Every structure is written in structure tokens, then in C-alpha cells.
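This report concerns only the one structure given below.
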Amino acid sequence: MRASVLVLAALPLLAGAPLAARQRPVELRPGMVITRSIRVAPKEYRLPAKASMDSAAIVIRGNDITVDFGGATMRGTAPGADPDQGTGVAIRVEGGRNVQLRNLRLRGYKIGILVRGTRNLTLERIDASDNWKPRLYSLIEHESLVDWLSYHQNEKDEWQRHGAGFYLTDVRGGTIRNNTVLRGMNGLLITRSDSLRIVENNFSFNSGLGVGLYRSSFNSILRNRLDYNVRGYSHGFYRRGQDSAALLMYEQSSSNVVAYNSATHSGDGLFVWAGQSTMDTGKGGVNDNLFFGNDFSYAPTNAMEATFSRNRFIANYANGSDHGLWGGYSYESTIAANCFQGNRIGIAIEHGQDNLIGVNRFYGDSLALYLWANPIEPSDWGYPKHRDTKSRDYRIEGNEFAGYKVLRQIVNTTGLVEARNDSAGAAPGPCVVPKLPPDLARLAPPGVGGSTAIPSSDLAKRPRSAIVVDEWGPYDWRSPKLWPVDSSRAVPLRLAVLGPAGRWRTVTRLGIEALSKTSGRMGDTVVVTPRANARGDWELELEWAGAAGTAPVRFRYGRYEPLEAWTAKFYAWSDSTDIRKLPGGVRDLPATQMLFERPLSRLDYQWYRPQVAGLPRDRWALEAETRVTLPAGEYTLRTISDDGIRVWVDGVLAIDNWDLHGSELDFVRLSAGTHRIRVEFFQVDGWTELRVEVLKGSR
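In this note's numbering, the protein residues as written are 81 to 779.
Structure below.
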């Protein structure tokens, strides 16, 4: 379809009104190129986008353009489509200056708004929620390495593959204000951009980042809600974060002001990394940023992580996390007047230099302060080859330590100057940021509209256990949900009834022997006992009813594991019996190489050190066989492997990924009927991941 360039006819002028307000509303059309200020007719537009990032459903090009969408909705996919079906760009802004977009809803795209090379950009009151995000493969019991993120390279806009509500490249100046991106992968991603004012947005409940900066400096990020941007967490099982974060600042992003934000319950609250250029040369870093008065609490990993850089951390909350601050190789940094409460470690800094740790409060941390240097540093890092990396020269002054298990651990560190620290008392209660001494108080950035209050919600104040991550990312607590209290494999199984206030009742129960209750209130726990012959195939459906006038909502939880028990043989191999070079794979290994044979209820391994007794860490293999009987319908056999895997279905090779690789997915469709499944797998070294499962539907 040819692009439509919008040409505005002469219209009667309304004295004193902005140009866009003086015009008749315009309807959007596929491929439209907007070159003048307009008002958009407020309706829902079905505007699919091509997958290429070089095209868009709508293009805006020119100077001094204001587009008021009037509350219109642009939709790229049909309502109810899986989130990973979103493609392409809804709106692309190409260069220009003084471009303003406002009052719009975007749904079902890979990127909502992509801006390149614009000067003085305004994005205001735009809701880019529920756009693209990937399916996650981590389970309740253990993570999948497939889900780990990498934002380390973005010189060629590699970040675009991760999707975003808003993606800005080479933008100079402007305001991003009162926008919303919920339940996507990333909220706002910024590359090689500066002098932006990012204020009072809500970028929360995304499975990647709230805000991400790459080579972007002199920006102000004030009073935003950046909560629950997280993956890789299952309460009571693992806390990995998988490099998700509320705020990520990478690769020479310097002189930014970050103040008064709520950035809780994210993989990291703050994730600062100097960048590969610094790692290679020892020069530069993500330096001279001010982090003032934020709440970075309840992170599965680090409330604040800042490495290989020089920054100021003042008056922040860093509570209930694995580390309050992880500051590897930080130097000449100020860490002052912060609250560190209930962390495994309050502050941990390896190879730090010339840092001030002053007037902080450490309440109830297992280990309050840990400073050290490793005797051996990674040989493939350029950084320690170009810089002095001794752990040395700290000023530790005026801090309050209370309720800790261990006060401090100092290893291979010299030049400590300590004064006026108090470590005598028990924790007096919730930590409150101390009154700032004058030299710190004058660093406080101006608020937004006179307010310096953190825009905290009730969910931001909950403990870390409020994080629930399913196959589509973090749960936002706005809709009802059933979720296991313990392992999903427990029998009987306890399910928490989560969600907004209201009542629930049972609608259907398939393959279930007994329920502890059939109705109740939200917040209940329901105990499910599946029938003995249906433990691999059962489902419970409930209905939620809220306040008067709200529509009831049905929600469900179940299991589908149709594979019968496996018979598995485990082998060791060596250079002389390299399984990768044997034409017959596992079956060509000498019988003497077999370690043991055993039945398995499932093929599901993920570890760094073997969790099967008698299995070596490196260079092992297995052959496993089972059957599956499937009723009428569509099915998918899915594997995750690190390293090599082959799968035969009814004697036919269906998956052949027989090489050294990190965790990868493979799929094959299955038809109804009974099938014989045979799997061969080998592990070389490092991490192991192997999962074989059958799913309903075509994936």
C-alpha cells in the first residue's frame, strides 16, 4: 500500500487556539505520513505494522508538529492475541524539531513509538501498555537460562529486538511526561540521547526494564513509578533477576539526575554498568550521576548495583534485597544518608577505591558492610590491566548499624578511616532516611510541581514475596489469579487465590478428587487433590466477583503432563569417545561408558553442579525413552537444551540440535494418538539445561 502524505486544506482559524485545535479531526490510515499539526478523530484504529523496524504504521516527519490523538487507540494485533505476537512499530518520528505527541493508546506492537534524531520532543499522556513481550520459560521450582537478558551491546540499536513502549535514538532535549507502559517488556529505552526531562510516568510490571539508558547523559528522571520490572524470581525457590531492572544505565551514560522515583520489586532497582569500552580500556564509565531520594527496595538481587564507575547515592531506600548496594570497582563515590534494611548484605564493594560511606542507616541486615579484593582478577578483562584495582582508602563516618548478624567483613583492604559510627543498638523499627547534613541537602534536585514525594503505591510497600512471575512476566495484582504456595509438583497442591478484593466460587473442576473449599474470599488458600489417574491432567476454574457493577472474571490453574515415565541411561564420555563425532551418537558409546540406568518421572534438569548423584559435572550424556498418548487436538513437543539434543518421534528424527550451544528452544508438532519418544542429550561443560515436555496447542 502506498503511503498517504497528509496535506491539510485551508481551514477557518479559531483565534488564540493552537493550530491542532483549530482543525477538523483526521482519521488515521495505514502508511500515513503526517507532516503538519493535526487532531486525530478519537476512535479505535486497526493498523497492523510490518515486522521491520524501518517501517511503521504511521510516520511523523517535519518541524513544529503537534499531533493530538484525542484518546484514540491504535491496535496492531487482535484483542486477546498472545503478547509475543506484536510486531513492528506503531509510530515512527523521523528527525525534526519541536515535535509533540499526546493522548494516545497503543496496543499490540513490538515498539509503540520509535523516535530518531528529533530535537525537543514531547510525549505526553500516551498509554503504550500491553505491547510485545516474550514468553518466559522459568518455572516455579527453577529458572531457565533462556530467559536471561543481555543489554550489553547497543551500538547498532540491538536493543530494538527487546521491544519497548517508547524507543528514542539521538534525541536532544524534550519532555516525557505522564505516560504509561505496563505489562510489556520495556517501558522507555534511550540511546545516544540527552537533556530529556522524564517525569511522572508509570513504567511498571514489565518483564525487562522500566527505563534503560545507553550512551545517554544530562537527563533528569524524576518522580516516576518503575515498580515490578522483573523476571527470574520465584519466592522461596530462586532470586536471579536475570538482568531485569527498574532503571538500567549502561555504557557512558553520565551526569544524569535520578530523583524521587519508586523503583521497587525489580530484578535490580538500579543497574549501572560502565560499558564494554571501559572494560576494555579502563577509561570512562557511567560517571557523575546523582541518585537522590529514590526507593529501590525489594529487589531479588540488588537494590542498587553500580560497577566500574563514580557516582553519588544519597537519601535512597535500599531495603529487603539480596544486596542493598553492590558496588564492584566503584571509585570516588559518595554513599550517604541511605537506608539499608533487611538485606542479606547492606553494602558490598569489591576492588573499590576512595569511596565515602557516611551517615547511612543499616538496620537488620545479615551482613552490614563487606569490602574486599580478590587475589586473582579475570584474565580476559582489560580494566585491571589499565588501572590500579586495589581495595583501598574508604571513609566510613557517622553511620548507624543496628540489628545486624555480622557488622562487617573487610578483606584485602587498606586505608580505612572510620569515625563516629554507632553499632550499639537494636534496630528501632522501619528505617527512615536521616536528616541530611548541609553539604548533602544542597544537592537535592528540585521536585516536580513543587513535590519531592516518592510516588509510591500500596504494592510498592509490600514485601518481596509480592513478586509473582508467570510465563508472561510479572503479575500486576489487578485481576484474579491462582498461584501455587509451594512447589507446583506438590500433591496435594496449595493454591493462593490472588487479586483484587472480592469473592470467588468454583465453576469447573476436571480431574480433581477433592477441594478444601469451593467458594470464599480473595486471599484464601485452596488445597487441590487431583485424582490418582489424572495427576498429569487436571484443571480448576474459579469465578471472581468484585464490587457491585463489576463484571465477573473467570480464572484457572491446572497441569498437563501427558508423558509417561522415562527410562534413562546416563553415560560419561571423553576425548577418545567424543559423542559429537560418533555417527550413532549415544548408541555408539562403549557399554563401559554407561554410568547407570534409572526411571525418571520427567526430563527437567537445570544446574551448574550436577544434582544427580554419580553424574560428572562435565562430559556426560543420556538416552531416554518414553511414550505419550494424546486425544484429538493439536500438541507441541518442546525442548530446552544446553548443550546438544536430538529427539526421535516414532523412529523419525524430529529435532536435531546436536552441537555445543547455550540454552535454546526447539519445537515439533504432535498429532493425536500414541507416540514413542526417544531423546539423546550431551553436556560438555558449564551450565546444564534439559527439559522435554508436551504442551496443548501449536506453539
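Ideal placement from N, C-alpha and C gives every residue a C-beta, glycine not left out.
Only a predicted model underlies this, so the values are computations on that prediction, with no experimental measurement involved.
Bridge partner(s) assigned by DSSP for residue i
{"i": "Q180", "result": "T146 and T202"}
{"i": "F372", "result": "A339 and I394"}
{"i": "G139", "result": "According to the sequence provided, residue 139 is Val. The question's Gly does not apply to it. For V139, which the question treats as bridged, DSSP gives the partners V113 and R172."}
{"i": "I757", "result": "T706 and V729"}
{"i": "G822", "result": "Residue 822 cannot be examined here, being either before or after the span of the chain that is shown, 81 to 779."}
{"i": "C419", "result": "Y397 and R441"}
{"i": "W461", "result": "In DSSP, W461 forms no bridge with anything."}
{"i": "P554", "result": "V549"}
{"i": "F298", "result": "Answer is none; F298 lacks a bridge partner."}
{"i": "I429", "result": "L451"}
{"i": "Y330", "result": "Y294 and W353"}
{"i": "P564", "result": "L575"}
{"i": "S531", "result": "V528"}
Short Cβ contact (8 Å threshold) for residue i with residue j
{"i": "L447", "j": "I429", "result": "no"}
{"i": "R634", "j": "G616", "result": "no"}
{"i": "V338", "j": "F371", "result": "yes"}
{"i": "G400", "j": "G422", "result": "yes"}
{"i": "R277", "j": "S537", "result": "no"}
{"i": "A129", "j": "G156", "result": "yes"}
{"i": "S346", "j": "Y308", "result": "yes"}
{"i": "G175", "j": "T146", "result": "no"}
{"i": "R585", "j": "T598", "result": "yes"}
{"i": "A379", "j": "G364", "result": "no"}
{"i": "Q686", "j": "S342", "result": "no"}
{"i": "M602", "j": "P632", "result": "no"}
{"i": "G724", "j": "F761", "result": "yes"}
{"i": "E551", "j": "R215", "result": "yes"}
{"i": "I425", "j": "H403", "result": "yes"}
{"i": "A540", "j": "D375", "result": "yes"}
{"i": "R392", "j": "S333", "result": "no"}
{"i": "S218", "j": "G312", "result": "yes"}
{"i": "A398", "j": "F420", "result": "yes"}
Beta carbon proximity, residue i to chain D, threshold 8 Å
{"i": "D210", "result": "Absent here is chain D; the protein component of the structure consists of one chain."}
Limits of the unbroken alpha helix (DSSP H) element including residue i
{"i": "P518", "result": "P518 to A521"}
{"i": "D473", "result": "From DSSP, D473 is part of no alpha helix (DSSP H) but of the beta strand (DSSP E) over S471 to E477."}
{"i": "Q686", "result": "Looking at the DSSP string, Q686 is not in any alpha helix (DSSP H); the run it does join, the beta strand (DSSP E), is L683 to W687."}
{"i": "Q322", "result": "Segment: none, Q322 is in no alpha helix (DSSP H) and carries neither H nor E."}
{"i": "Q356", "result": "Q356 to T361"}
Neighbourhood of residue i by C-beta distance below 8 Å, restricted to the same chain and skipping five residues each side
{"i": "M674", "result": "K649, F650 and Y651"}
{"i": "A453", "result": "E430, H431, T469, K470, S471, V491, N492 and T493"}
{"i": "L86", "result": "Only weak support exists for where L86 lies, its pLDDT of 45 falling under 50; the coordinates are left without a value."}
{"i": "V528", "result": "V279, E280, L302, R303 and Y340"}
{"i": "P508", "result": "Y443 and A482"}
Extent of the continuous beta strand (DSSP E) to which residue i belongs
{"i": "M674", "result": "M674 to L680"}
{"i": "H403", "result": "H403 to W406"}
{"i": "D739", "result": "Unbroken run through D739: none, as it is neither H nor E."}
{"i": "Q489", "result": "V486 to V491"}
{"i": "V226", "result": "Premise fails: V226 is in no beta strand (DSSP E) and is neither H nor E."}
{"i": "S588", "result": "Contrary to the premise, residue 588 reads as Thr rather than Ser in this sequence. Unbroken beta strand (DSSP E) run through T588: R583 to L590."}
{"i": "M384", "result": "N382 to T387"}
{"i": "I256", "result": "R252 to R257"}
Sequence-distant residues of the same chain with beta carbon closer than 6 Å to residue i, five excluded per side
{"i": "V439", "result": "A416, A417, G478 and P514"}
{"i": "E641", "result": "G616"}
{"i": "G142", "result": "T115 and G176"}
{"i": "A325", "result": "L289, S346, G347, D348 and F351"}
{"i": "F149", "result": "V120, N183 and L184"}
{"i": "L269", "result": "W239, A244, Y247 and G292"}
{"i": "L298", "result": "One point to set straight first is that residue 298 is Phe, not Leu, in the sequence displayed. Cβ neighbours of F298 beyond the five flanking positions: D274, S275 and S335."}
{"i": "L194", "result": "V169, R172 and Y247"}
{"i": "W783", "result": "The structure shown does not extend to residue 783, since the chain is modelled only from 81 to 779, so the question has no answer here."}
{"i": "Y411", "result": "R390, Q433 and D434"}
{"i": "P92", "result": "Residue placement at P92 is flagged as unreliable, the pLDDT there being 34, under the threshold of 50; a coordinate-derived value is accordingly withheld."}
{"i": "A89", "result": "Note that A89 scores a pLDDT of 34, beneath 50, so its modelled location is shaky and nothing firm can be said."}
{"i": "D181", "result": "It is worth fixing the name first, because residue 181 is Leu in this sequence and not Asp. Same-chain partners within the cutoff: V147 and L203."}
Contacts around residue i, its chain only, beta-carbon distance under 7 Å, and the 5 residues preceding and following it disregarded
{"i": "S503", "result": "F481 and L487"}
{"i": "K776", "result": "Y640, G713 and Y715"}
{"i": "W728", "result": "A734 and R758"}
{"i": "E457", "result": "P464 and T469"}
{"i": "D566", "result": "R574"}
{"i": "Q165", "result": "T157"}
With contact counted as at least three CB pairs below 8 Å, one residue from each stretch, are the segment 751-761 and the segment 709-717 in contact? yes
Between the segment 589-598 and the segment 538-555, can you find at least three pairs of beta-carbon atoms closer than 8 Å? no
Stretch-stretch touch, CB-based, cutoff 8 Å, three pairs: the segment 207-214 with the segment 257-269: yes
Check whether the segment 683-694 touches the segment 665-674, taking contact to mean three or more Cβ pairs, one atom from each stretch, closer than 8 Å. no
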